[in-house]
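See below for the structure under consideration.
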Amino acid sequence: MSLSSPFIHQSKTTAQVMALVCLALLPAIAVQFYYFGAFILINLTICSLSALLFESLIMYLRKRPILGTISDNSALLTGLLLGLALPPLLPFWMSILAVLFAIVFAKHLYGGLGYNPFNPAMIGYVVLLISFPAEMSAWLPSNEIATKVPGFTEAVQLIFTGSNNQQNTVIDYRLLADGFTMATPIDQLRAGLHQAKLISEISNDSHFTAGLVYWQWLNIAFLTGGVFLLFSKIVRWQIPFSFLFGILITSGLLYLYDDQAYASPLFHLLTGATMMGAFFIATDPVTASTTPKGRIIYGLSIGFLIVIIRVFGGYPDAVAFAVLLLNIAVPTIDHYTKPVIYGHNKGDIDE
Amino acid sequence: MNQNDLISYTQSSFHGGIHPAEFKTISNQTPIDCLTLSDKLYLPLEQHIGKAAKLIVQQGERIKQGQLLAEADGNFSANLHSPVDGVIESIGLINTNHPSTMMQPGIVIKIDDTSQGFTTSSSDNKDWQSLSQEDLLRQVQQAGIVGLGGATFPTHIKLAAQSVDTLAVNAMECEPYITCDDRMLQELSDQVIIGAQIAAKIFSAKQIIFAIEDNKPEALSSLEKAIIQCKLAVPMTIKVAPTKYPSGGEKQLIELVFNKQLPKNKLPVDIGVVVQNVATLQAIYQKIVKQQNLTHRLVTLTGSQMEKPGNYWVAFGTPIKDIIQKLKISDKGTTIILGGPLMGQQIDNLMIPVTKSTNCIIFEKQQNLSKPWLTKSIAHQSCIRCSDCESVCPVDLLPQQLYWYSRAEEWEKLEETGIKDCIECGACAYVCPSEIPLVQYYRFAKTHIRQNHEKQLKSEKAKQRFEFREMRLERAKAERALKHQKAAEARRKAAQDNNEDPSGKQKAINDALERVKMKKQQNQGEDK
Numbered sequence: 001m002s003l004s005s006p007f008i009h010q011s012k013t014t015a016q017v018m019a020l021v022c023l024a025l026l027p028a029i030a031v032q033f034y035y036f037g038a039f040i041l042i043n044l045t046i047c048s049l050s051a052l053l054f055e056s057l058i059m060y061l062r063k064r065p066i067l068g069t070i071s072d073n074s075a076l077l078t079g080l081l082l083g084l085a086l087p088p089l090l091p092f093w094m095s096i097l098a099v100l101f102a103i104v105f106a107k108h109l110y111g112g113l114g115y116n117p118f119n120p121a122m123i124g125y126v127v128l129l130i131s132f133p134a135e136m137s138a139w140l141p142s143n144e145i146a147t148k149v150p151g152f153t154e155a156v157q158l159i160f161t162g163s164n165n166q167q168n169t170v171i172d173y174r175l176l177a178d179g180f181t182m183a184t185p186i187d188q189l190r191a192g193l194h195q196a197k198l199i200s201e202i203s204n205d206s207h208f209t210a211g212l213v214y215w216q217w218l219n220i221a222f223l224t225g226g227v228f229l230l231f232s233k234i235v236r237w238q239i240p241f242s243f244l245f246g247i248l249i250t251s252g253l254l255y256l257y258d259d260q261a262y263a264s265p266l267f268h269l270l271t272g273a274t275m276m277g278a279f280f281i282a283t284d285p286v287t288a289s290t291t292p293k294g295r296i297i298y299g300l301s302i303g304f305l306i307v308i309i310r311v312f313g314g315y316p317d318a319v320a321f322a323v324l325l326l327n328i329a330v331p332t333i334d335h336y337t338k339p340v341i342y343g344h345n346k347g348d349i350d351e
Numbered sequence: 352m353n354q355n356d357l358i359s360y361t362q363s364s365f366h367g368g369i370h371p372a373e374f375k376t377i378s379n380q381t382p383i384d385c386l387t388l389s390d391k392l393y394l395p396l397e398q399h400i401g402k403a404a405k406l407i408v409q410q411g412e413r414i415k416q417g418q419l420l421a422e423a424d425g426n427f428s429a430n431l432h433s434p435v436d437g438v439i440e441s442i443g444l445i446n447t448n449h450p451s452t453m454m455q456p457g458i459v460i461k462i463d464d465t466s467q468g469f470t471t472s473s474s475d476n477k478d479w480q481s482l483s484q485e486d487l488l489r490q491v492q493q494a495g496i497v498g499l500g501g502a503t504f505p506t507h508i509k510l511a512a513q514s515v516d517t518l519a520v521n522a523m524e525c526e527p528y529i530t531c532d533d534r535m536l537q538e539l540s541d542q543v544i545i546g547a548q549i550a551a552k553i554f555s556a557k558q559i560i561f562a563i564e565d566n567k568p569e570a571l572s573s574l575e576k577a578i579i580q581c582k583l584a585v586p587m588t589i590k591v592a593p594t595k596y597p598s599g600g601e602k603q604l605i606e607l608v609f610n611k612q613l614p615k616n617k618l619p620v621d622i623g624v625v626v627q628n629v630a631t632l633q634a635i636y637q638k639i640v641k642q643q644n645l646t647h648r649l650v651t652l653t654g655s656q657m658e659k660p661g662n663y664w665v666a667f668g669t670p671i672k673d674i675i676q677k678l679k680i681s682d683k684g685t686t687i688i689l690g691g692p693l694m695g696q697q698i699d700n701l702m703i704p705v706t707k708s709t710n711c712i713i714f715e716k717q718q719n720l721s722k723p724w725l726t727k728s729i730a731h732q733s734c735i736r737c738s739d740c741e742s743v744c745p746v747d748l749l750p751q752q753l754y755w756y757s758r759a760e761e762w763e764k765l766e767e768t769g770i771k772d773c774i775e776c777g778a779c780a781y782v783c784p785s786e787i788p789l790v791q792y793y794r795f796a797k798t799h800i801r802q803n804h805e806k807q808l809k810s811e812k813a814k815q816r817f818e819f820r821e822m823r824l825e826r827a828k829a830e831r832a833l834k835h836q837k838a839a840e841a842r843r844k845a846a847q848d849n850n851e852d853p854s855g856k857q858k859a860i861n862d863a864l865e866r867v868k869m870k871k872q873q874n875q876g877e878d879k
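Taken in order, these protein sequences are the chains called A and B. Here the first sequence is numbered in my numbering, starting from 1 and rising by one per residue. Here the second sequence is numbered in my numbering, starting from 352 and rising by one per residue.
Structural data, given as structure tokens:
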């Protein structure tokens, strides 16, 4: 191999970048642990282990170095993100299915790290969302309002067998004291609006407010991790800021139009996967726009689509769809937002 | 002159750039020294951009220090002089730093007396100011001076520029390790200034601007003092730029100093600027004032493997093995780099000599420099499109796209994405978290594109030649046909005339034919 310059290199490597992003997930993991207990740890373990396993398998089939690839930590990150995104108490095989689609189909069938046009974790998530909508939209009540709170062994039994030794199934744990099942605030809001309730009425519901508190803390936790990533210069400000700004503007306009039919911007910013999407999903460098201007357009569009899908669509959350839709648009965005090369004039494509 | 007017800070910046560890204090703390000679020098004939110089001495010939050995071959070539008194031992192929690693034409000189140093004591020409522009330019050309910043572009061509009003002096020296310009300004800024004044006189510049990074305070103050003391005509100012690699790139320097970009496909002269390196100006001083041709240069010899790192006057042709031997450099686990760590060239062959382009040689421990992608089990990690490279690119390219297209060998896309604007500064590869040797990909792609263009040009020429030949044959055929047709017509007409022959024309013809026959018979008779 002929040796060519440069001969020095800064110390930050891809593996370290990925590891730091994993580290930045800790606050969110802590919040989920606080509200749901052991489930989250089991989910995370299943997802990250199967992610590593699938990646090793593919590397083996592709006759590539297994350890060298796994040690870039990108599969681990995908696993952790899925583990955090999937609802607690999801049967283990569904989680594994999501990871399978994320790692094998969305990532490696396109050529592996760096070549996938779609965010792998979001593909895994969407596959489950479309295939098992009921399981994917059901959330556990947080420990504070739940009728039954499972311990670690019960959680393991529930995830792997669907019931514990008292023959309680997952559904029993979803029940609230009044016989309703727990849903996310976005779902509750949508259901309420369908029943022609006003937002002021819906937000008086104690289930709604209890759920809201959990989601707000979760979003604050992701935001904390995100700020850490911003300061350690792993994530640039353009995508998260424009993403959140897109949500703010779109939901703000709707809210100003009718504050009883459309939720406030604050609700949109602090519920669902907003902060996770802004700092951990949309910022995935592989699938995001790579030009400075393009990143702003990319983030703004995702924010806009999230509010539109949440308000006018039928799915529990919209981050995954919005991100995937914009993933498709990235080559076009990048093409039209190329920076002007030194000494060139704006708009002159060479020759 | 008011001090506030003399020094100003740059108001503009260029896109991107990096801040690598500088390692400059390794070599800029000690005074300039002179490297003693060994027994032989190995002088390549091509030490500049353009054609190799034409040899004018013969094997076995005795030569003097400063004597012309090889003449510039064409305008873009440069003269080459002997650094020493000695004998031409042989003429042939020698090792050089040519990127192909193939040997190049050169001369081996056996040195008479290894104690002969680099003297600065030759006769002064205090009276250079009375010389005409043409005389000065001719002398610069005779001395074989080329751009000593590393580009080795013949200086006389730049100085022959018309209607240029500014001489910008590149004292940025932005690459880590290198300190030869820094040290030269610290010790010899009066000489550099005179060199600048001479250059300015040659093309009638109205001002001289020194551009320097803010990490060289000693050089700055020495330069400032020298400017204040200088009584010469052309006004001089200093622009200080924040330390950021690659501020010493010509385009970046122009953006920093003049707050505008050099339009594409334009040279600095097109916007009225000539950029010269500090060492080049000192070489001009050396020629015009000291009457010495360019035979030595200041080289930064540095790195943690050296006992006495510093800046040394080194004779052209000194092989690296002699430097290692003279300066007791440990060669165990040593990586040798010609030039800086970001744009330099790693070399293994110790017979490679110092030439006009050698501004720095780094002798560094392998682990401090070795490129990460060479020591790891897999080639390099995948590009994750983080675009860190985009944010450091000083010419605002999209390096990740260039990499993508280089891998896919999409030459046209590469050209559209601006690969020919890449200055190969290495900032992208420096920050790449996947440790991809990006510059290597770009060089590969550039070579391919150039070859494709050449091929295209060739086939275009061949096509033109073929088409011209076809046309020529076609035309000849048409001409022949026309001739035949005319002849046939003439015959037909003649036949008609024959039938009629009203004016006795036919008779006249017959008579003529008779005469020709007679003549022929006569001739035949003579032949026999």
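All C-beta atoms in this analysis are idealised placements derived from N, C-alpha and C, irrespective of residue type, glycine included. Remember, predicted model here, so these are calculated numbers, not experimental data.
Assigned exposure category for SER131 of chain A - 16 Cβ within 10 Å defines buried: exposed
Near-chain B residues of the stretch 97-131 of chain A (beta-carbon distance less than 9 Å), N- to C-terminal order: GLY111, GLY112, LEU113, GLY114 and TYR115
Any C-beta of chain A under 8 Å from that of TYR781 of chain B: yes
Nonlocal neighbours in the same chain, by C-beta distance under 7 Å from GLY498 of chain B, ignoring five residues either side: PHE504, THR506, ASN628 and THR631
CB contact check: ILE46 of chain A to chain B, cutoff 8 Å: no
Proximal residues to MET454 of chain B (C-beta, below 8 Å), its chain only, five neighbours per side dropped: LEU444, ILE445, ASN446 and THR447
CA-to-CA distance, LYS611 of chain B to ARG736 of chain B, given in whole angstroms: 30 Å
Proximity winner among A:PRO87, A:LEU49, A:ILE309 and A:GLY124, relative to HIS268 of chain A (alpha-carbon distances): A:ILE309
Host alpha helix (DSSP H) of ASN43 of chain A (start-end): 39-61
8 Å Cβ cutoff met for TYR35 of chain A and TYR214 of chain A: yes
Outcome for LYS806 of chain B when other beta-carbon atoms lying within 10 angstroms are tallied against a minimum of 16: exposed
Chain B contact residues for THR13 of chain A, given Cβ-Cβ distances below 7 Å: PRO784 and GLU786
Selection from A:PRO285, A:ILE186, A:PRO339 and A:LEU26 that minimises the alpha carbon distance to ALA221 of chain A: A:LEU26
Cβ of VAL323 of chain A within 8 Å of any chain B Cβ: no
Straight-line gap, ALA404 of chain B to GLY668 of chain B (C-alpha atoms, nearest Å): 15 Å
Residue-chain proximity (PHE7 of chain A, chain B), Cβ-Cβ < 8 Å: yes
Residues of the stretch 570-604 of chain B with Cβ closer than 7 Å to any Cβ of chain A, in chain order: LYS602
Proximal chain A residues relative to LYS688 of chain B, where beta-carbon distance stays under 7 Å: A small correction: the amino acid at residue 688 of chain B is Ile; Lys does not occupy that position in the sequence shown. Those are PHE7, listed as they occur along chain A.
Contact list for GLY299 of chain A against chain B, beta-carbon separation under 7 Å: Near GLY299 of chain A there are no residues of chain B at all, since even the closest Cβ is about 14 Å away, more than 7 Å.
Cross-chain neighbours of ASP747 of chain B in chain A, by beta carbon under 8 Å: PRO339, VAL340, ILE341 and TYR342
Contacts around GLN558 of chain B, its chain only, beta-carbon distance under 6 Å, and the 5 residues preceding and following it disregarded: THR517 and PRO586
Same chain, Cβ closer than 8 Å to MET94 of chain A, neighbours up to 5 away in sequence not counted: LEU86, LEU128, PHE132 and GLU135
PRO450 of chain B classed as buried or exposed, judged by whether at least 16 other C-beta atoms fall within 10 angstroms: exposed
Segments assigned alpha helix (DSSP H), at least 4 residues, entirely inside the stretch 558-632 of chain B: 568-580 and 601-609
Where the stretch 650-664 of chain B meets chain A: residues whose CB sits under 7 Å from a CB there: none
Opening and closing residue of the beta strand (DSSP E) in which PRO27 of chain A lies: Not the beta strand (DSSP E): PRO27 of chain A falls in the alpha helix (DSSP H), residues 26-36.
According to DSSP, residues forming a beta bridge with ILE319 of chain B: Outside the shown range of chain B (352 to 879) lies residue 319 of chain B, about which nothing can therefore be said.
Helix, strand or coil at SER163 of chain A according to DSSP, with G and I counted as helix: strand
Test item: CB-CB of TYR754 of chain B and LYS764 of chain B under 8 Å: no
PRO339 of chain A versus THR290 of chain A: straight-line alpha-carbon distance, rounded: 10 Å
Residues that LYS557 of chain B contacts on chain A, provided the C-beta gap is smaller than 9 Å: Correct list: empty, because the minimum Cβ distance to chain A is about 24 Å.
Beta carbon of GLN484 of chain B nearer than 8 Å to that of ASN430 of chain B: no
is_contact[THR291 of chain A, chain B] using C-beta, thresh 8 Å: yes
Residue-chain proximity (CYS531 of chain B, chain C), Cβ-Cβ < 8 Å: The question asks about chain C, but that chain is absent: this structure's protein chains are A and B.
Proximity of ALA547 of chain B and LEU510 of chain B at Cβ, strictly below 8 Å: no
Chain A contacts from the stretch 491-504 of chain B (Cβ-Cβ distance under 8 Å): none
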